[in-house]
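Okay, structure first, notes after.
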Amino acid sequence: MYIVQIASECAPVIKAGGLGDVVYGLSRELENRGHCVELILPMYDCMRYDQIWGLHEAYRGLNVPWYGGVISCNVYCGWVHGRLCFFIQPYSGDNFFNRGYYYGGKDDNMRFAFFSKAALEFLLVSNKRPHVIHCHDWQTGLIPVMLYEIYQHNGLGGQRVCYTIHNFKHQGIAGADILWATGLNREGYYFHYDRLRDNFNPFALNCMKGGIVYSNYVNTVSPHHAWEARYQDVGYGLGHTLEIHQSKFGGILNGVDYSIWGPESDRNIPYQYSLDDMSGKALNQKALRERLLLQDVDKPIIAYIGRLDQQKGVHLVHHAMYYALNRGAQFVLLGSATESSINDWFWHEKNHLNNNPDVHLEIGFNGELAHLIYAGADMMVVPSNYEPCGLTQLISLKYGTVPIVRGVGGLVSTVFDRDYDQNHAEEKRNGYVFYETDNHALESSMERAIGLYKKFPKEFEQLRQQGMEYDYSWTNSGGNYENIYEFIKAF
Ligand code: ADP
7 MYIVQIASEC APVIKAGGLG DVVYGLSREL ENRGHCVELI LPMYDCMRYD QIWGLHEAYR
67 GLNVPWYGGV ISCNVYCGWV HGRLCFFIQP YSGDNFFNRG YYYGGKDDNM RFAFFSKAAL
127 EFLLVSNKRP HVIHCHDWQT GLIPVMLYEI YQHNGLGGQR VCYTIHNFKH QGIAGADILW
187 ATGLNREGYY FHYDRLRDNF NPFALNCMKG GIVYSNYVNT VSPHHAWEAR YQDVGYGLGH
247 TLEIHQSKFG GILNGVDYSI WGPESDRNIP YQYSLDDMSG KALNQKALRE RLLLQDVDKP
307 IIAYIGRLDQ QKGVHLVHHA MYYALNRGAQ FVLLGSATES SINDWFWHEK NHLNNNPDVH
367 LEIGFNGELA HLIYAGADMM VVPSNYEPCG LTQLISLKYG TVPIVRGVGG LVSTVFDRDY
427 DQNHAEEKRN GYVFYETDNH ALESSMERAI GLYKKFPKEF EQLRQQGMEY DYSWTNSGGN
487 YENIYEFIKA F
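According to my numbering, the sequence shown is numbered sequentially starting from 7.
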C-alpha cells in the first residue's frame, strides 16, 4: 500500500511531544511491513536539520492558492532516520514557519490551514496518488474537508483518509477567514452543525470536527480514551460528534519504537542493559547522579518527564517531588512549560531547592537527557488529569523504571497495579495506579512503591523485570492501522 502521513511533527527532526514519536514510529513499522510510506511536514526554521540526511530541493514553485491569489512554496526532501520526508517551505510575508517555534502563534489556525492546503496541492501537482492519507490532530483536520470538497474533483478522487486524534484539547477553533483563505468559501454551508460548526460556539469553526466528519476512519490513541472521549468531558465538546460518527471511530494504542527506546541498544545512555543482564541499570543511575550533581546514596530515584501543564497534573507532580524528598527518595524532573505562571513556579522551586543534593529540576526540553533519566531512575510518576495514551509510562516500563500512574486513558490500558489489579495475574503486574486527583491518592501509591523498594528489594527487582517483559512496540499497533487502511481502501 502507498501511504502518506501528513503531520506537524515527526521525531526526532520535529518533536514537541508524543505526536512526533508516533508519526515516526508508525511510519517505520508500516515500512517494515512492506508498505511505501512518505511524510509531508512543514519546514520550520527551528527543526533539527542535523537529523535530516540528504536534504535537497524536490519541487520548485509550488503555487498554493490562498485568498484568491497564490503563495509560492518550495518543497524539500530528505531522509529522517530512513523515512522519506517532504518539507514544505512557503515564501510569503506571513512567515508561517520561520518563527523559532512550532506552535504558539496567534495565527496557528492559518499557519496549519495553509500547510494542509499546500500538502494537498503538492500531492496533486507531483502526481502522488497514495491509497491512504493519514492525518494527525487539529493541524491537519482540514485535509479531509478540502480533499472531499475540492481536491477529489481536481484529480485526488481515489484517496482515503485515516484521521488520528492525539489530544482533544486543541481543536483548531477558527473564524470564517480560514474558509476564504483555503478556497472552501461557502460560509453558510460549512457553518452547519453537521459540518464544521463548533459544538459550543455557533460563530466559530472547528478544524478537528471537520477532520472527524470528513474522514473515512477516525481514531484516538487508546481504546480507553476512545470511550472517555465519547462519554466524559475529555472529548472537550466533541463527544456528540463522535457519537454520531461512532461507526467509524475507535481507539488504537500507540506503540514505542524500541530501536530508539530500548536499553539494549540505546546509544544515548552510557551503559546498555537488558533483562538478561541488568548491571547497566545501576551504572546508568550512577551516571545520572554524576550528571545532575545528586549525592551518591542508596535512595530510589523517582522521576518525572513531560510537559508541565494542567493535563499532566502539575500540582501532583509538584507534590510528588516534596513527598519523595520527605520519604527518603531522590527526585529528578525534566519538563517544559508553555504557560508562564507554571514556568515561573517551577523555576522558583528550582532556585529554592538548588542546594538540596537529592533533587534536580531540569526545566526545558532535552531529548538526550530523557534517555539517561529513563535508564537511571527507579520509578516514574505520571499523575495526568487525562492522558490519551502516554508514552512516558511505556518507555519507563522498557527501561525497568516502575511507573506510578493515575488510572486514566492509555495509562489504565498499560499499567497494572502490583497490589490491587483484578484482571492480571501477579506476575503480569507492572506498576502502581491511583485514581483520585488528590495528594493522598498519589501518596498512597508512592508510599507502596518506595516501601517495596526499601523493604523488599527482591520483589521490587521482580516488578521492574515484569514491566520490561511487556511488549508495547509498534508490532501490534502497526497491524491495527494496517487493518484500518485495508478497510477504508475497500470502499
Ligand atoms: P504528550 O502529551 O506530551 O504527547 P506523551 O507521554 O505521549 O505526552 O509523550 C511525551 C514524549 O515526549 C515522551 O517521549 C517524553 O520522553 C518526551 N518528553 C516530554 N517532555 C520532555 C522534555 N522536557 N525533554 C525531553 N523529552 C520530553
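Glycine included, C-beta positions come from ideal geometry on N, C-alpha and C.
If V29 sits next to Q57, beta carbons under 8 Å apart, how far is it from one beta carbon to the other, in whole angstroms? Wrong, their Cβ atoms sit about 14 Å apart, outside the cutoff.
Assuming V81 contacts Y97 (C-beta within less than 8 Å), just tell me the rounded distance between them. Between Y97 and V81 the Cβ distance is about 12 Å, and since that is not below 8 Å, they are no contact.
Own chain, CB closer than 8 Å to H62, minus 5 neighbours either side, in chain order: Y82, C83 and G84
Does the beta carbon of N372 fall short of 7 Å from some heavy atom of the ligand ADP? yes
In this structure, how does DSSP classify S132 when only helix, strand and coil are distinguished? coil
How many Å lie between R313 and H377 at the Cα? 16 Å
Got a sec: does the ligand ADP put a non-hydrogen atom nearer than 7 Å to the Cβ of C79? no
Starting from the Cα of Y328, find the closest Cα among L448, L259, Y55 and L153 and give me that residue. L448
Express the C-alpha separation of H137 and G67 in angstroms, rounding to a whole number. 26 Å
Alpha carbon of H354 to alpha carbon of Q291, nearest angstrom: 26 Å
Tell me, which residues are paired with W85 by DSSP? W59 and L90
Does the distance between the C-beta of D27 and the nearest non-hydrogen atom of the ligand ADP fall short of 7 Å? yes
D27 by DSSP, collapsed to three states: which one? helix
CA-to-CA distance, P71 to L25, given in whole angstroms: 28 Å
Could you check if C395 is buried or exposed, using at least 16 other CB atoms within 10 Å of its CB as the buried criterion? buried
Thinking A119 and L153 are a contact (beta carbons under 8 Å), I'd like their distance in whole angstroms, please. With a Cβ gap of about 14 Å, A119 and L153 do not count as contacting.
Could you check if I401 belongs to the surroundings of the ligand ADP, using beta carbon to heavy atom distance under 7 Å? yes
Does the distance between the C-beta of N173 and the nearest non-hydrogen atom of the ligand ADP fall short of 7 Å? yes
Counting Cβ pairs, one atom from each stretch, are 3 or more of them under 8 Å apart for the stretch 195-203 and the stretch 261-270? no
With a threshold of 7 Å, establish whether the CB of A376 neighbours any heavy atom of the ligand ADP. yes
Quick check for students: name the residue ranges of the beta strand (DSSP E) that lie wholly in the stretch 406-439, counting only runs of 3 or more. 408-412
What are the boundary residues of the beta strand (DSSP E) that includes I275? Per DSSP, I275 belongs to no beta strand (DSSP E) and is neither H nor E.
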